[in-house]
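Protein sequence lines, in the order shown, are assigned to chains A and B.
The numbering of the first sequence is the working numbering, which starts it at 26 and goes up by one.
The numbering of the second sequence is the working numbering, which starts it at 1305 and goes up by one.
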Amino acid sequence: MSFPILSLIIFLPLAAGLVILALPAERKQAVRIIALTAAVLDLVLAVVVFIAYDVAQGGYQFVERFWWVKQLGISYYAGVNGISTPLVLMGALVVTSGVMISWRVEERPREFFAYLMFLGASVQGVFCSLDLFMVFFFFELAVFPKYLMIALWGYPKTRDYGSMKLTLYLFLGSVVSLVGVLAMYFAAGQNSFDMLTLEKAGFSRAFQQTWFLVVFGGFAILGGIFPFHSWAPDGHVAAPTAVSMLLAGVEMKVGAFAALRVAIMLLPDGAHFWAPLILALGTVNVVYGALIALIQTDFKYVIGFSSVSHMGLVLIGFATLNNEGLLGAGMQMFSHGIMTALFFAVVGMVYDRAHTRNIGELGGLFRKMPVAAVGFIIAGLVSMGMPGFSGFVAEFPIFMGAWKTLPLVAIIAVLGVIVTAGYILLVVGRVFFGTIPPKLDETVGDVSLMDKLVVGGLAALMILIGVFPTLSKMAPLIQSGVTPILALVGGA
Amino acid sequence: MDLTFQPSMLLAILPELGLAGLAAIILALDLIAKGNQKILLGWVTAGGLLVVAVMAALFARPAEQPQLIFGGMLRVDWPAFTFRLIFLLGAAVTVLLGASEHISKRYGEFCALVVVSTLGMSLMASASNLIMLYLAIETTSLPLYILAGFRVLDQKSVEAGIKYLLYGAMTSAVMLYGFSLLWGFTGTTNLYEIADLAKTGGLSPLVLGGTAMLVLVGFGFKISAAPFHFWAPDVYEGAPTPVAGFLSTASKAAGFAVLVRVLMAVFPEVASFWSLVVGILAAVSMVIGNFLALAQRNIKRLLAYSSIAQAGYMLVGVAAHSAFGAAGAVYYLASYLVTNLAAFGIVWLVGREVGSDDLDAYTGLGRRNPTVGLAMLAALLSLGGIPPLSGFFGKLLVFGAAVQAGQIWLAVLGVLTSVVGLYYYLTVLKIIYRPGTDEHALPVSASWRVALLVCVAGILFLGTVFAPMYGLSLSTAGGWF
Chain A
26 MSFPILSLII
36 FLPLAAGLVI
46 LALPAERKQA
56 VRIIALTAAV
66 LDLVLAVVVF
76 IAYDVAQGGY
86 QFVERFWWVK
96 QLGISYYAGV
106 NGISTPLVLM
116 GALVVTSGVM
126 ISWRVEERPR
136 EFFAYLMFLG
146 ASVQGVFCSL
156 DLFMVFFFFE
166 LAVFPKYLMI
176 ALWGYPKTRD
186 YGSMKLTLYL
196 FLGSVVSLVG
206 VLAMYFAAGQ
216 NSFDMLTLEK
226 AGFSRAFQQT
236 WFLVVFGGFA
246 ILGGIFPFHS
256 WAPDGHVAAP
266 TAVSMLLAGV
276 EMKVGAFAAL
286 RVAIMLLPDG
296 AHFWAPLILA
306 LGTVNVVYGA
316 LIALIQTDFK
326 YVIGFSSVSH
336 MGLVLIGFAT
346 LNNEGLLGAG
356 MQMFSHGIMT
366 ALFFAVVGMV
376 YDRAHTRNIG
386 ELGGLFRKMP
396 VAAVGFIIAG
406 LVSMGMPGFS
416 GFVAEFPIFM
426 GAWKTLPLVA
436 IIAVLGVIVT
446 AGYILLVVGR
456 VFFGTIPPKL
466 DETVGDVSLM
476 DKLVVGGLAA
486 LMILIGVFPT
496 LSKMAPLIQS
506 GVTPILALVG
516 GA
Chain B
1305 MDLTFQPSML
1315 LAILPELGLA
1325 GLAAIILALD
1335 LIAKGNQKIL
1345 LGWVTAGGLL
1355 VVAVMAALFA
1365 RPAEQPQLIF
1375 GGMLRVDWPA
1385 FTFRLIFLLG
1395 AAVTVLLGAS
1405 EHISKRYGEF
1415 CALVVVSTLG
1425 MSLMASASNL
1435 IMLYLAIETT
1445 SLPLYILAGF
1455 RVLDQKSVEA
1465 GIKYLLYGAM
1475 TSAVMLYGFS
1485 LLWGFTGTTN
1495 LYEIADLAKT
1505 GGLSPLVLGG
1515 TAMLVLVGFG
1525 FKISAAPFHF
1535 WAPDVYEGAP
1545 TPVAGFLSTA
1555 SKAAGFAVLV
1565 RVLMAVFPEV
1575 ASFWSLVVGI
1585 LAAVSMVIGN
1595 FLALAQRNIK
1605 RLLAYSSIAQ
1615 AGYMLVGVAA
1625 HSAFGAAGAV
1635 YYLASYLVTN
1645 LAAFGIVWLV
1655 GREVGSDDLD
1665 AYTGLGRRNP
1675 TVGLAMLAAL
1685 LSLGGIPPLS
1695 GFFGKLLVFG
1705 AAVQAGQIWL
1715 AVLGVLTSVV
1725 GLYYYLTVLK
1735 IIYRPGTDEH
1745 ALPVSASWRV
1755 ALLVCVAGIL
1765 FLGTVFAPMY
1775 GLSLSTAGGW
1785 F
């Protein structure tokens, strides 16, 4: 590729963030406009990549490469395949939605939007990386934006705790993986951090079995694996809305994606060896996350734990190591990213207007904010895996894959989905229907046009994919990404 | 040993001659300058150091093969070359940061002492003879003792000076005892001959190992590695802040330069032993430094413990006993130098203007001086090892070296303690960005601004464009092996 489209996707938000920081603090509107422009441009580029990606050809496309530290075999090496292309699109979508939803942030918008842009650049950098060094470089680039955004703009009661917990867990996960990756680098002896080279390194079985757990475990922490999941609800709830969207929607996928790309694809024997453990933990994620979500009284915590539950499905999909499971996991990563972003967006809208997130104090908000309510319900249906929505085309293959591997897992996980239906219906019923408390009746108004655009756009997309998984290119695209993984892990 | 003098040898020590000359010029100018003119001495010193650096880069480049000059007193090689530049940078930044009315009356002396100490460091990095090495260490240390107690009317500063002197004298004596054993057993003071004689003379590993331990005490003190770190928090807290910055960076770098040279050159026979000892020192430093930093409420003490931990990370690279590890330690040092100088520079500014070194003095700094806040953010996160700042690559290299050397436990301990480290760096960062009561911008001087800019540019450069410095680090490591 002559046109560096992936680099543009990565560096456009970064550049926008720097420009914003250079502006005077008073120019709030200019800040917002620059952020939105950059986000939308990024989204357009991501859509172009999505459409232009040639499914028939497969493999890594839009590849760019140049040496970074030649002596160590570190290169700037960007490229996307069938798994990462949808994630790039999802990341761009969530960043754009996040900017729109934060339009009315009045407290230091300059820093807020700049950090949001940095966060966006970080996730895109990871999704586009074909070099292990670059994965860590871009991932850890996000440490300070996410920490400061939660600590400074977050929910005052828990932000100190939530921000530190989230940041340290994510840092811990990434550095643990880093040790494993260094071990891979030296064991391969190819003097290369390039993942395509390392795929062919032929690590010994014993090596793979030892180090898989380290590498996968580290990244899986970022993906919210049980018992290292508790940063996710605490962090997401403490974060301001846009950051919750980005962290739950995209950042957790970064962890899952890296676990797949680095651990499973580079250490396939290790993956086979440890798959039962991952299946078990993933199942715990699904059921435990859903049960805990069921008993929450805080609206936002419900969604926080639902992310833990849904990421469990992604982990199960990975651990099946078969076509259905991986395809479903790929779909689920995209679908859950959009869904949870929508969830958090609506939760934020409700909180901004009702000034409480206590489910007991909310009610009857459908009449006040119908668009947001419909959006939330659609996201809820997605999360229950209803046919006709993107959640179904994601979860169904995962269950099929799990059934092929270990029927018990499929059965338990499906039970988890029933619990999901329980907490979603409960929350929808209590927050959006029933009688509205008199206090809220007076104060709460409808959401802004910008908010409606976000809700409408994200909801429409989930229906589009749910109804036309093939036509929308999503399923064939992800399939083209799954096939090479199967070739590596030797599954059917 | 070739004892003949050749004029080309003078070219090799041209930078050192330049430093000696510079110190004399500063002292002379100090006599002439009156009142506020003394502030200009900082620019003269920094300019002079720049000239010396250019001379060093142009004329004192090592040949392909390392050369011993002046009868084996000095060695012209890449470590000497690289470290000299590192010290010069550290000294120039320190002098520029130090310019302030608080020490303006004696600013000339301050500059001269820094330059003399730098001269000593430069000789430390190239010394290849025990006597030369000891003299270089003392040339470095004596001005530093004075600088630590520079504010003679401030009890804490005097206490810092005395404490530093006493600790320094004691560890120096232990080290000297080690040197005397080496000389006694082998009959030579040349570092590169001792190893051969020890081998042919059948010196027992027990004696060699014991001597290595004695020598390590002296160097461990210089680099403030645990368990020789006790002086660091008190001295950093009491010493004038720019001096603390200089102590924690350039002086530590000098300690590393001799540590690695002596271990590699003199003790190859017991490499597996000292590798383990250094590994343990690294582990203890990382743990003690990071965990004790958690409890600090004074930023200078916090940075002191952080610098103990940082010494631990550098020792991880040394413990690997490989060219890759040594190169990692050099990269780490260079990155740490610019990073910590930036941090101490900001601490100096805040301590001076707000009048306190408590963490609470930093509330609202991000709003008072957004640029300074960003610079502190860069410095703290670089210490924490976060990209795109220099500390990330340094950590990657030393942990990589540990993994390569099979010291997985060290790498794991390293990454776990860096999570602890990140905790307190982030805590400081949060305080900086919390809204404070006072919204007035702190006044900064031109020289301070330039120094900080150099540091931040260094942090960013070493954090994104790795190849040039990594290449230099590799050459440096090659000179040791």
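Every residue, glycine too, gets a C-beta built ideally from N, C-alpha and C.
A Cβ of chain A is located within less than 8 Å of the beta carbon of Lys1734 (chain B). According to DSSP, residue pairing for Val1380 (chain B) in a beta bridge involves B:Gln1371. Taking 8 Å as the CB threshold, Gln504 (chain A) stays off the interface with chain B. For Ala176 (chain A), the nearest CB of chain B lies under 8 Å from its own CB, placing it at the interface with that chain.
In terms of CA proximity to Phe138 (chain A), A:Pro38 leads the group A:Asn347, A:Pro38 and A:Glu349. By the Cβ-count criterion, His1533 (chain B) is buried, with 16 or more other Cβ atoms from all chains shown falling within 10 Å of its own Cβ. Between the alpha carbons of Met1425 (chain B) and Ala1440 (chain B) lies a distance of about 7 Å. Contact of Tyr1774 (chain B) with chain A by beta-carbon distance below 8 Å involves Val94, Gln96 and Leu97.
At least one CB atom of chain B sits nearer than 8 Å to the CB of Val168 (chain A). Separation of Val472 (chain A) and Met411 (chain A) (C-alpha to C-alpha, rounded to the nearest whole angstrom) is 27 Å.
Look at Ile1690 (chain B): its C-beta is under 8 Å from a C-beta on chain A.
Between Ala1364 (chain B) and Leu1315 (chain B), the C-beta spacing is below 8 Å. Here Asp67 (chain A) carries a helix assignment [DSSP, helix/strand/coil]. Here the alpha carbons of Gly506 (chain A) and Val327 (chain A) stand approximately 32 Å from one another. The three-state reading of DSSP puts Glu1442 (chain B) in helix, counting H, G and I together. Look at Phe414 (chain A) here: in three-state DSSP terms it is coil, with no helix or strand label.
Look at Thr192 (chain A): its C-beta is under 8 Å from a C-beta on chain B.
At a cut-off of 8 Å, the C-beta of Val204 (chain A) has a neighbouring C-beta in chain B. Judged by DSSP secondary structure, Ala103 (chain A) falls within the beta strand (DSSP E) whose first and last residues are Ile99 to Val105. Residues of the same chain with a CB within less than 8 Å of the CB of Ile1466 (chain B), apart from the 5 flanking positions on each side, are Gly1453 in chain order.
For a Cβ distance threshold of 7 Å, residue set Ile1690, Pro1691 and Phe1696 of chain B lies close to Glu165 (chain A), ordered along the chain. In terms of Cβ geometry, Thr1553 (chain B) and Asn1673 (chain B) do not form a close pair [threshold 8 Å]. In the structure shown, Arg90 (chain A) adopts extended strand secondary structure according to DSSP, grouped into three states.
For Leu173 (chain A), a Cβ of chain B is located within less than 8 Å of the residue's own Cβ.
The beta carbon of Ala1771 (chain B) sits closer than 8 Å to some beta carbon of chain A. About 6 Å separates the beta carbon of Tyr1774 (chain B) from that of Val94 (chain A), a gap short enough to meet the 8 Å contact definition. Here Ile423 (chain A) is not near Leu302 (chain A), since their CB atoms are 8 Å or more apart. Within chain B, the C-beta atoms nearer than 7 Å to that of Ala208 (chain A) come from Val1707, in chain order. Pairing Asn1433 (chain B) with Gly1514 (chain B), the inter-Cα distance amounts to about 20 Å. Just so you know, the alpha carbons of Leu285 (chain A) and Val239 (chain A) end up roughly 13 Å apart.
In the displayed model, Asp476 (chain A) falls within a helix according to three-state DSSP. Separation of the CB atoms of Ala1529 (chain B) and Leu1598 (chain B) is rounded to 19 Å, and the pair is thereby denied contact status at 8 Å. The CB of Ser1722 (chain B) comes closer than 7 Å to the CB of Val200 in chain A, given here in chain order.
At least one C-beta of chain B is nearer than 8 Å to the C-beta of Leu197 (chain A). Cβ contact annotation for Trp256 (chain A) (same chain, cutoff 6 Å, sequence separation greater than five): Lys190, Leu191 and Tyr194, in chain order. The residue among A:Ile363, A:Gly413, A:Ala512 and A:His335 with its C-alpha nearest the C-alpha of Ala438 (chain A) is A:His335.
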